[in-house]
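Peer 1: Chains as they are written, first to last, in the working numbering: chain A, 1 to 427; chain B, 1001 to 1310; chain C, 2001 to 2220.
Glycine included, each C-beta is placed from N, C-alpha and C at the ideal position.
Just so it is clear, the structure is predicted and the values come from calculations on it, not from any experiment.
1) So, under 8 Å CB-CB, residue 158 of chain A and residue 79 of chain A are touching, yes? Tell me the CB distance rounded to an integer number of Å.
2) Are there 16 or more other CB atoms within 10 angstroms of the CB of residue 987 of chain B, so buried, or fewer, so exposed?
3) List the residues of chain A whose Cβ lies closer than 7 Å to the Cβ of residue 1181 of chain B, in chain order.
4) State buried or exposed for residue 1160 of chain B, treating a residue as buried only when at least 16 other CB atoms are found within 10 Å of its CB.
5) Report the neighbours of residue 49 of chain A on chain C: residues whose CB is nearer than 8 Å to its CB, in chain order.
6) Mind reading off the beta-carbon distance from residue 2205 of chain C to residue 1132 of chain B? Whole number of angstroms is fine, and I expect it under 8 Å.
7) Return the bridge partner residues of residue 2084 of chain C from the DSSP annotation.
8) Between residue 1217 of chain B and residue 70 of chain A, is the Cβ-Cβ spacing less than 9 Å?
9) For chain C, is any of its Cβ atoms less than 9 Å away from the one on residue 1092 of chain B?
10) For the region 1036 to 1097 of chain B, which segments carrying the beta strand (DSSP E) assignment without a break, of at least 3 residues, lie completely within its bounds, in sequence order?
11) Between which two residues does the alpha helix (DSSP H) carrying residue 253 of chain A extend?
12) If we require 4 or more residues per run, which alpha helix (DSSP H) segments fall completely within the region 1145 to 1230 of chain B?
13) How is residue 1274 of chain B classed by DSSP in three states: helix, strand or coil?
14) So is residue 20 of chain A buried or exposed if we call it buried at 16+ other beta carbons inside 10 Å?
15) Could you pull out every residue in the same chain whose Cβ sits closer than 6 Å to the Cβ of residue 89 of chain A, ignoring the five residues on either side in sequence?
16) Less than 7 Å between C-beta atoms, sequence neighbours within five positions excluded: which residues of the same chain meet that for residue 2038 of chain C?
17) Since residue 2191 of chain C meets chain B, which of its residues come closer than 9 Å, beta carbon to beta carbon?
18) Mark residue 2198 of chain C as exposed unless 16 or more other C-beta atoms lie within 10 angstroms of its C-beta, in which case mark it buried.
19) What does the alpha-carbon distance come out to for the pair residue 2046 of chain C and residue 1275 of chain B?
20) Look at the alpha carbon of residue 1191 of chain B and the alpha carbon of residue 1042 of chain B, and state the distance between them as a whole number of angstroms.
21) When we look at the beta-carbon of residue 256 of chain A and count the other beta-carbons within 10 Å, is it buried (16 or more) or exposed?
22) Which value, in whole angstroms, describes the spacing of the CA atoms of residue 1295 of chain B and residue 1210 of chain B?
23) If you count every other CB in all the chains shown that lies within 10 Å of the CB of residue 342 of chain A, and 16 or more means buried, which is it?
24) For residue 1198 of chain B and residue 1238 of chain B, which I take to be in contact (beta-carbon distance under 8 Å), what is that distance rounded to the nearest angstrom?
25) Whole angstroms is fine: what's the gap from residue 282 of chain A's alpha carbon to residue 1187 of chain B's?
26) Only counting the same chain, and skipping five residues up and downstream in sequence, which positions put a Cβ closer than 8 Å to that of residue 172 of chain A?
27) Find the residues of chain A that neighbour residue 2209 of chain C, judging by a C-beta separation of less than 9 Å, and give them in chain order.
28) My understanding is that residue 320 of chain A touches residue 359 of chain A, with C-beta atoms under 8 Å, so please give their C-beta distance in whole angstroms.
29) Mind listing which residues of the region 1160 to 1184 of chain B have their C-beta closer than 7 Å to chain A's C-betas, in chain order?
30) How about residue 267 of chain A: is its Cβ closer than 8 Å to a heavy atom in the ligand GDP?
31) When you compare each of B:1266, B:1283, B:1269, B:1273 to residue 1251 of chain B by their alpha carbons, which one comes out closest?
32) Just tell me which of B:1039, B:1063, B:1158 has its CA closest to the CA of residue 62 of chain A.
33) Are the C-beta atoms of residue 1130 of chain B and some chain D residue less than 9 Å apart?
34) Ignore the nearest five residues each way along the sequence and tell me which others in residue 1304 of chain B's own chain have a CB closer than 8 Å to its CB.
35) So, at 7 Å on beta carbons, what are the nonlocal neighbours of residue 1094 of chain B in its own chain, with the 5 sequence-adjacent residues on each side left out?
36) Taking 6 Å as the limit between beta carbons, can you name the residues of its chain near residue 352 of chain A, skipping five residues before and five after?
Structure (structure tokens):
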């Protein structure tokens, strides 16, 4: 996706019209691009739409009849929705691992593809917001959360912080991506003044979204499984595995399927990053487990339940050992230079890491916080069919957003689509 | 991009086959979306515009409250067939409620659980109640050894019984975490929930160290003749689906000077309730003369429900 | 806090004095209606002692007089025929050593469960006047003051009861708004077998997915 700087000089038609005229043109052009494609594209989008609709239907049932449709209980009051939410915050934050080298270290190749990370952040944050929304018992009262309209328990409630940082991160990335794409569409060179400061803020902000999300849990004294200072660093470390892993696979897919010209360098840089973060993540997980099991006592029951089962209840044991296996194998692959030279093995390592972390910091983090309950009652949880459908629907919707945004962004960033020369392929 | 057309403006008249197909696809997609979320239409009968737009309890004027209570009474009639009266007793100045349970006396019979269930219009299907009674082996206070599902005759040899309900903490973690201030502590120490403001995020359930909060996973079912018509807005009125609720020390009773339902139901006399600010009250005598303790004191929530052994 | 202190010799009168002092408890003559068998009525305040700071009183459920014993027969209306203690006991020599109804067998009091420490019948019943009870020092106590009887041995419980920390109650915690009704010792404790009876829990939450506890199982 190398940049061909648009040759549009001052005085080109693109510069003539006002933004009032040009911006709708940009949006319309984006819509056209987003809906154009070959048969595989339509098949993919139809598939995602179908899954998303199944999810929407399941959610509608849940809203009408109540969350009795889920397998959550007063004992395990958060389930796979909040698990996915937590994981997706990490994916959103993980995109920053492209932004930092791209902007802070001025890595030219990374800078060219950094928008992949920023768009991923947008899609992931939208998914986060959806996962929180479907977890609400009263989505009709969503407006109570809007500062000014409802009553916003800021700064005491960490959830209000999360509302701010997540929406702020969404806006930051929407602005950065929107500005860059629009200006490129106009055929101009983006003015750093209008986006670089926001990029810098977004770097800090990316750290903040996952820190705040960790504080949601780690601040709860009644939940010893979460009540650890290591939670936020762990979240960041695993986010910086899952995010880059997703992006590596994305770049691989773009190369193979969409024939987008992506250089090796950004991929290799992300591999380097994951090599470090995957180890940090395992180290921190190990530290937690040592402290838990060596100390013993009743606070260890959550970890015992997660890894070994408790009093004959072991619903999460296979999940967690799968996650451990996936994480260890992926770490080993990342550390093998030979494996990393093979694109297929690299992708396999990324998928293993992504799924491993999805389990570890999704179900593997949220559910044991509730099992056993604060009064040590053992009620287990596995998602209901409705919960699976809603979750799959949100994943499908997130992938739709990401697919569509890539469909718009790549040609524009490549310089193929410029106002006034729409559709005329630059070769 | 293989699109060879030139489109400068989103105007009609340039519709080609591809655009038409897209249009059909979009229409189909929207239609399918409409069908997918069509169950939401059933919400309309349950959800009035007044309820949707209702303000936070603390922002309601006396006239607002009157209208809200009248609407809730109407809804109770429509949905449960019960004639109820909803009122809103305020904290009594100079009163801070305290509760104590004598664990040497409690025998785990569960009458308090049942009284709570009936008094507070809990869901009949789940036998919901704000109280859970733990059977604990003597020699430990570790809940790991406790159990709530016993059905044998009580007391069982070598065991004691520990009823747990909301402790109305002085420093309630559940209140801190609520993002919309739907739950707060009143001047008499009772932590209440505005069931018409709660968004159902259940963060408070995660924050409570004592499993004191309950969520309405579905609309409660109660036969009309079993509905307790003496209802408080912040206490025992039938809760809507999808919101969190909790023990409120029967504020619709206690703010009128009466004892909580669980205390009156206790056949062993294990429960002592009163005003902690009154030096002559029974609860003060217990706090002064018995070796009281609270659960998980190290968490700093400072419960105002105390336990003691004789 | 030592378990046994001067309270051990506390009579109910003293206890009630203390109770009145904290403005919570007051007893006076029974004005209740007699009930067949162990007649019981709430001892009403009758305005004798006004509780401090409150317009309403504390009412204690107490017997209004000596109990009556079932004969096992019924009258024409189907009501059980009862007799007073003195119907028989005026003409009978008291058996000071008797501790159970079964040994040696008695004509009356059959089926009376007796399990109250090492006490004999006359530890509490007054062999000189069966219409009263008898304290350890020989003083006669009328039945409505039965709690004086209990308190001479069960001082810690009497003390706790006095301060509202023992025994069931209903009504108002705030006596300025309404009256309170309290149980007496013998409402919950059968004087002949005072251990609180075993009960069967009848109401259990039906939590989804909470598997019933296995008694004696692993999670013990």
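Peer 2: From the atom records:
1) The count along the first chain starts at 1 and reaches residue 158 of chain A at position 158. The count along the first chain starts at 1 and reaches residue 79 of chain A at position 79. The pair is not a contact, with the Cβ atoms about 19 Å apart (cut-off 8 Å).
2) This structure does not reach residue 987 of chain B, given that chain B is present from 1001 up to 1310, and the question cannot be answered.
3) If you number the second chain from 1, residue 1181 of chain B lands on position 181. 151, 153, listed in chain order.
4) Residue 1160 of chain B sits at position 160 when you count from the first residue of the second chain. Looking at its Cβ environment, which holds 16 or more other Cβ atoms inside 10 Å, residue 1160 of chain B is buried.
5) Working through the first chain from its first residue, we reach residue 49 of chain A at position 49. The contacting residues do not exist; residue 49 of chain A stays about 34 Å from chain C at best.
6) In the third chain, residue 2205 of chain C corresponds to position 205, counting from 1. In the second chain, residue 1132 of chain B corresponds to position 132, counting from 1. With 8 Å as the limit, residue 2205 of chain C and residue 1132 of chain B qualify as a contact, their Cβ atoms being about 7 Å apart.
7) Here residue 2084 of chain C corresponds to residue number 84 of the third chain, with the count starting at 1. Looking at the DSSP assignment, residue 2084 of chain C forms a beta bridge with C:2068.
8) If you number the second chain from 1, residue 1217 of chain B lands on position 217. If you number the first chain from 1, residue 70 of chain A lands on position 70. The answer is yes: Cβ separation under 9 Å.
9) As a first step, residue 1092 of chain B is located in the second chain; it is residue number 92 there, counting from the start. Closer than 9 Å: yes.
10) Every unbroken stretch of the beta strand (DSSP E) spanning 3 or more residues and falling wholly within the region 1036 to 1097 of chain B is given here in chain order: 1085 to 1087.
11) Taking the first chain and counting its residues from 1, one reaches residue 253 of chain A at position 253. Counting along the chain, the alpha helix (DSSP H) containing residue 253 of chain A begins and ends at 231 to 257.
12) 1173 to 1177, 1203 to 1207
13) For the purposes of this step, residue 1274 of chain B is identified with residue 274 of the second chain, where counting begins at 1. The answer is strand: DSSP assigns residue 1274 of chain B an E or B state.
14) Reading the first chain from its first residue, position 20 is the one you call residue 20 of chain A. Exposed, by the Cβ-count rule.
15) Within the first chain, residue 89 of chain A is the residue found at index 89, counting from 1. Cβ neighbours of residue 89 of chain A beyond the five flanking positions: 128, 209, 210, 213.
16) The residue given as residue 2038 of chain C occupies position 38 in the third chain. With a pLDDT of 38 at residue 2038 of chain C, under the threshold of 50, the modelled position of this residue cannot be trusted; read the value that follows with caution. So the list reads 2063, 2067, once near-sequence residues are dropped.
17) Counting from one through the third chain, the residue named residue 2191 of chain C turns up at place 191. Per Cβ cutoff of 9 Å: no residues; residue 2191 of chain C is ~17 Å from chain B at best.
18) Your numbering for residue 2198 of chain C matches position 198 in the third chain. Flag for residue 2198 of chain C reads exposed.
19) Along the third chain, one-based indexing puts residue 2046 of chain C at 46. Along the second chain, one-based indexing puts residue 1275 of chain B at 275. With a pLDDT of 32 at residue 2046 of chain C, under the threshold of 50, the modelled position of that residue is not reliable, and the figure given next carries that caveat. The straight-line gap from Cα to Cα measures roughly 27 Å.
20) As a working note, residue 1191 of chain B is residue 191 in the second chain. As a working note, residue 1042 of chain B is residue 42 in the second chain. Using only the alpha carbons, I get a separation of about 33 Å.
21) Here residue 256 of chain A refers to the residue found at position 256 of the first chain. Label assigned to residue 256 of chain A: exposed.
22) Within the second chain, the letter at position 295 stands for residue 1295 of chain B. Within the second chain, the letter at position 210 stands for residue 1210 of chain B. The alpha-carbon atoms of residue 1295 of chain B and residue 1210 of chain B are separated by roughly 8 Å.
23) The residue you call residue 342 of chain A lines up with position 342 of the first chain. So residue 342 of chain A counts as exposed.
24) To locate residue 1198 of chain B, count along the second chain from 1; it is residue 198. To locate residue 1238 of chain B, count along the second chain from 1; it is residue 238. The pair is not a contact, with the Cβ atoms about 14 Å apart (cut-off 8 Å).
25) Working through the first chain from its first residue, we reach residue 282 of chain A at position 282. Working through the second chain from its first residue, we reach residue 1187 of chain B at position 187. Approximately 48 Å between the Cα atoms of the pair.
26) In the first chain, counting from the first residue as 1, residue 172 of chain A sits at position 172. Closer than 8 Å at Cβ, skipping near neighbours: 198, 201, 202, 205.
27) As a first step, residue 2209 of chain C must be located in the third chain, where it is residue number 209. Those are 71, 73, 75, 76, 379, 380, 381, listed as they occur along chain A.
28) Start at 1 with the first residue of the first chain, and residue 320 of chain A comes out as number 320. Start at 1 with the first residue of the first chain, and residue 359 of chain A comes out as number 359. Yes, they are in contact, since the Cβ atoms of residue 320 of chain A and residue 359 of chain A sit about 7 Å apart, within 8 Å.
29) 1164, 1173, 1176, 1177, 1178, 1179, 1180, 1181
30) The model depicted lacks the ligand GDP and carries no ligand whatsoever.
31) Counting from one through the second chain, the residue named residue 1251 of chain B turns up at place 251. Considering only alpha carbons, the answer is B:1273.
32) For the purposes of this step, residue 62 of chain A is taken as residue 62 along the first chain, with counting starting at 1. Of the listed residues, the one whose Cα sits closest to residue 62 of chain A is B:1039.
33) In the displayed structure, chain D is absent; the protein chains listed are A, B and C.
34) By one-based count along the second chain, residue 1304 of chain B stands at place 304. For residue 1304 of chain B, where only same-chain residues beyond five positions count, the Cβ hits under 8 Å are 1096, 1097, 1098, 1099, 1167, 1168, 1169, 1170, 1189, 1276.
35) Sequence index remark: in the second chain, residue 1094 of chain B carries index 94 (1-based). Taken in chain order, the residues that qualify are 1277.
36) Sequence index remark: in the first chain, residue 352 of chain A carries index 352 (1-based). Answer for residue 352 of chain A: 326, 329, 330, listed in chain order.
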